[in-house]
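**Q** Pasting a structure below so you can have a look.
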Amino acid sequence: MESSYDVVIVGGGNAALCAALSARETGARVLVLERAPEKERGGNSTFTAGAMRFAYDGVEEILELVPDLTEQERATTDFGSYTAEQFYGDLERITQMRTDPELADILVSNSFETLKWMRSKGVRFLPIYGRQAFEVDGKFTFWGGLTLEANGGGPGLVDSLTQGAQNAGIEIVYSSRAMSLITDEARVTGVRVRKDGVTHKVMAASVVLAAGGFQSNVEWRTRYLGPNWEMAKVRGTRFNTGDGIQMALDANAMAWGNWSGCHAVGWDFNAPAYGDLAVGDGFQKHSYPFGIMVNADGERFVDEGADFRNYTYAKYGREVLAQPGQFAWQIFDSKITHLLRDEYRIKQVTKVTANSLEQLAGKLEGVDPARFLQTVDEYNAAIKKEVPFNPNVKDGRGTVGLDVPKSNWANILDDGPFEAYMITCGVTFTFGGVKINADAQVIDNEGDPIPGLYACGEMVGGIFYFNYPGGSGLTNGSVFGRIAGASAGSTAVGTPAA
Numbered sequence: 052m053e054s055s056y057d058v059v060i061v062g063g064g065n066a067a068l069c070a071a072l073s074a075r076e077t078g079a080r081v082l083v084l085e086r087a088p089e090k091e092r093g094g095n096s097t098f099t100a101g102a103m104r105f106a107y108d109g110v111e112e113i114l115e116l117v118p119d120l121t122e123q124e125r126a127t128t129d130f131g132s133y134t135a136e137q138f139y140g141d142l143e144r145i146t147q148m149r150t151d152p153e154l155a156d157i158l159v160s161n162s163f164e165t166l167k168w169m170r171s172k173g174v175r176f177l178p179i180y181g182r183q184a185f186e187v188d189g190k191f192t193f194w195g196g197l198t199l200e201a202n203g204g205g206p207g208l209v210d211s212l213t214q215g216a217q218n219a220g221i222e223i224v225y226s227s228r229a230m231s232l233i234t235d236e237a238r239v240t241g242v243r244v245r246k247d248g249v250t251h252k253v254m255a256a257s258v259v260l261a262a263g264g265f266q267s268n269v270e271w272r273t274r275y276l277g278p279n280w281e282m283a284k285v286r287g288t289r290f291n292t293g294d295g296i297q298m299a300l301d302a303n304a305m306a307w308g309n310w311s312g313c314h315a316v317g318w319d320f321n322a323p324a325y326g327d328l329a330v331g332d333g334f335q336k337h338s339y340p341f342g343i344m345v346n347a348d349g350e351r352f353v354d355e356g357a358d359f360r361n362y363t364y365a366k367y368g369r370e371v372l373a374q375p376g377q378f379a380w381q382i383f384d385s386k387i388t389h390l391l392r393d394e395y396r397i398k399q400v401t402k403v404t405a406n407s408l409e410q411l412a413g414k415l416e417g418v419d420p421a422r423f424l425q426t427v428d429e430y431n432a433a434i435k436k437e438v439p440f441n442p443n444v445k446d447g448r449g450t451v452g453l454d455v456p457k458s459n460w461a462n463i464l465d466d467g468p469f470e471a472y473m474i475t476c477g478v479t480f481t482f483g484g485v486k487i488n489a490d491a492q493v494i495d496n497e498g499d500p501i502p503g504l505y506a507c508g509e510m511v512g513g514i515f516y517f518n519y520p521g522g523s524g525l526t527n528g529s530v531f532g533r534i535a536g537a538s539a540g541s542t543a544v545g546t547p548a549a
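This note's numbering puts the first residue of the sequence shown at 52, with every later residue one more than the last.
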């Protein structure tokens, strides 16, 4: 690590590495500061399944990203389309019309081209068979606007981007914690970095903050998200403690977005406090639309089939945390266990099985067994049995007359053996952060850009509120990482940004 560079990137995940690669394209000398040691590199990105939401008009555009699809795969797969209008509409709907319209438009309109650009940097994509498309009558049909993932999931994505950065001559320094920004009266001029117990000054013409949210900071989580959030598990890296956000706020950046909101999912009850790279995303439990979830009182508390999993999973973790004891059980019978995602088959899972519901009731730790059996009876009796079940569409096979309805995929629970999985809340990332403009410049409290300072990824506020469309987090990081890098690099070397 030298004493000066054109561009310094704070962070080492998807957004940071995209920013670094984009800045390098301008001819800038680029340094990436990754707080984690190399074996834990990649921030939250490493802990994801690597799915990326993007707008596309049909299979021909899928082939631009996955040119090696076989004829058999093309013949047996309905990729459909996911237009820019649909993507933007999902962002508006899911965030209750609060998403920043300018940033949302940039995210949507740049999503496909950004994935093509990532492919040029060495990232490879694959269709998400099994998790996003079920085989019905010999045909896989993709649903919920989510079609492709990075080869190798989150770890594969980080590996590919890291290799691309190294090939481009970008310097990456691990175990290096950025502590504060260096400023003069006019602009940001560098970063103070703690490395091996020594604080260094690294000067730069531009600094890009891509250090993630504050979900791993217990004090901030409880302060901003509210009571009981200290009890939640952290789904990803232990290093996202809000450092980048604090650095920006100290430089007069405007706090922005949904500071009391976060991406929170159903997570195995006995998972560790932070993500485990050996298990990765496997602690999540996202097949709940095909069963029911009950709390300690033995009662259902959410509409498990309100929408495709992609549009509910990131908010249902909050609902689980609000239940007595901060836990719930997911219940399935043998008719649909073949549809359960791979994460239900890992060794590190909190699971019970039984041949009858009565036996199962006695095994659900912490649950009122009598009320549980009553809940199942009421649920089974309320199902619209004349409507056929189809996991690839919102099938309308719901319930009638229940206080908590189930809108789709309501299957009668009567066919043993039964399986149940105990979950709690797992926080992925927080939604509050700092305000940026279309060039990814950080905006100050007077509404003006802070010269020399850019931000991207999870620490940007204003895009996600309350909930989020699955797969849009990584795409958001890539799109604005690319923009931030181009803006920072062009400022540093005096070339126009693309």
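Each residue gets a CB set at the ideal place from its N, CA and C atoms; glycine is no exception.
Which class does residue 549 belong to by DSSP, given the choice of helix, strand or coil?
**A** Reliability of the predicted coordinates at residue 549 is poor, the pLDDT of 49 falling under 50, and no value is obtained from them.
**Q** Between the C-alpha atoms of residue 182 and residue 201, what's the straight-line distance to the nearest angstrom?
**A** One C-alpha to the other measures close to 14 Å.
**Q** Suppose you measure from the CA of residue 525 to the CA of residue 453; what does that come to, to the nearest Å?
**A** Spanning the two alpha carbons is a distance of roughly 37 Å.
**Q** Can residue 559 and residue 400 be called in contact, C-beta distance under 8 Å?
**A** Absent from the model: residue 559. The displayed extent of the chain is 52 to 549, so no value can be given.
**Q** Any idea if residue 270 is buried or exposed, counting beta-carbon neighbours within 10 angstroms, 16 or more meaning buried?
**A** Exposed, since its Cβ has fewer than 16 Cβ neighbours within 10 Å.
**Q** So, for residue 73: in the same chain, excluding its five sequence neighbours on each side, which residues have a beta-carbon less than 6 Å away from its beta-carbon?
**A** Excluding sequence neighbours, residue 73 sits near 533, 536, 537.
**Q** Hey, how far is the Cα of residue 476 from the Cα of residue 284?
**A** Each residue's Cα considered, the two are about 6 Å apart.
**Q** Starting from the Cα of residue 421, find the closest Cα among 65, 291, 345 and give me that residue.
**A** It is 345.
**Q** Is residue 144 helix, strand or coil by DSSP?
**A** Of the three classes helix, strand and coil, the one that applies to residue 144 here is helix, per DSSP.
**Q** Skipping 5 residues on each side, what residues in its chain have a beta carbon closer than 6 Å to that of residue 75?
**A** Answer for residue 75: 81, 219, 221, listed in chain order.
**Q** Which of the three DSSP states is assigned to residue 337 in this structure?
**A** Of the three classes helix, strand and coil, the one that applies to residue 337 here is coil, per DSSP.
**Q** If you follow the beta strand (DSSP E) that residue 56 is part of, which residue opens it and which one closes it?
**A** Per DSSP, residue 56 belongs to the beta strand (DSSP E) from 55-61.
**Q** Between the stretch 317-334 and the stretch 500-510, do at least 3 Cβ pairs fall closer than 8 Å?
**A** Result no; under three Cβ-Cβ pairs closer than 8 Å.
**Q** When we look at the beta-carbon of residue 501 and count the other beta-carbons within 10 Å, is it buried (16 or more) or exposed?
**A** Buried is the call here.
**Q** On the DSSP bridge list, what partners appear for residue 309?
**A** Beta-bridge pairing links residue 309 to 482.
**Q** Would a C-beta distance cut-off of 8 Å place residue 77 and residue 540 closer than the cut-off?
**A** Yes.
**Q** Going along the chain, which residues of its own chain have a beta-carbon closer than 7 Å to the beta-carbon of residue 277, five neighbours each way excluded?
**A** Cβ neighbours of residue 277 beyond the five flanking positions: 311.
**Q** Note the first and the last residue of the continuous beta strand (DSSP E) segment covering residue 366.
**A** Counting along the chain, residue 366 falls outside any beta strand (DSSP E), though it belongs to the alpha helix (DSSP H) covering 364-372.
**Q** Looking at the unbroken beta strand (DSSP E) that takes in residue 23, where does it start and where does it end?
**A** Nothing in the structure corresponds to residue 23, since the chain is present only between 52 and 549.
**Q** Hey, out of 207, 244, 281, whose CA is closest to residue 225's CA?
**A** Comparing Cα-Cα distances from residue 225 to each of 207, 244, 281, the minimum goes to 244.
**Q** How far does the alpha helix (DSSP H) with residue 387 in it extend, from its first residue to its last?
**A** Careful: residue 387 lies outside any alpha helix (DSSP H) and carries neither H nor E.
**Q** Here's the rule I'm using: 16 or more other beta-carbon atoms within 10 Å means buried, otherwise exposed. How should residue 57 be labelled?
**A** With 16 or more other Cβ atoms within 10 Å, it is buried.
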